[in-house]
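Those letters in the sequence shown? Residues 7 to 106, per the numbering used here, in order. Before any comments, here is the structure.
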Amino acid sequence: MPIDVTVRHAVVSSALQKYVRTAAAEMLEEFPSAIHIHVVLDVAEHGRKKSAEVIVRVKRHGTKEATATADNWRLAVDEAFDRLERQLRKLQEREEVRRR
Numbered sequence: 007m008p009i010d011v012t013v014r015h016a017v018v019s020s021a022l023q024k025y026v027r028t029a030a031a032e033m034l035e036e037f038p039s040a041i042h043i044h045v046v047l048d049v050a051e052h053g054r055k056k057s058a059e060v061i062v063r064v065k066r067h068g069t070k071e072a073t074a075t076a077d078n079w080r081l082a083v084d085e086a087f088d089r090l091e092r093q094l095r096k097l098q099e100r101e102e103v104r105r106r
């Protein structure tokens with residue numbers, strides 16, 4: 007499956023990894039132009055803040071990237087995916103306008 011999850015400087019539960027993979031799979035289904043998703047989970051500020059970075063390879067458009075930091079892993083993951091979804095929707099709207 008074209009989804010990679012990398013964890014840096016921490017150990018995360020299998021439930022969180024499953025949560026991330028599910029969110030990434032939903033994004034791949036919603037945006038057919040997305041080819042590959044790489045999620046990087048990291049710890050910042052001496053373990054106080056959790057950060058999530060989502061990198062998506064998109065057909066004919068290179069890569070799109072979003073990063074979020076929060077006190078909780080799930081909040082950081084959700085925020086990063088929301089930011090990336092906005093970018094992909096904007097890209098999708100531009101493609102629709104060009105096709106008209």
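Ideal Cβ placement from N, Cα and C applies to all residues, glycine included.
State buried or exposed for Val-103, treating a residue as buried only when at least 16 other CB atoms are found within 10 Å of its CB.
Answer is exposed; the Cβ neighbour count stays below 16.
Go ahead and label Val-17 buried or exposed: buried means 16 or more other beta carbons lie within 10 angstroms of its beta carbon, across all protein chains shown.
It counts as exposed.
Let's see if you can read the secondary structure: which residues bound the alpha helix (DSSP H) around Asp-84?
Its alpha helix (DSSP H) spans residues 79 to 105.
Taking 8 Å as the cut-off, decide whether the C-beta atoms of Ser-57 and Thr-73 are in contact.
Against a cut-off of 8 Å, the Cβ pair of Thr-73 and Ser-57 comes out as a contact.
Nearer than 7 Å: is that true of the beta carbon of Leu-94 relative to any heavy atom of the ligand GTP?
With respect to the ligand GTP, the structure shown offers nothing to examine, as it has no ligands at all.
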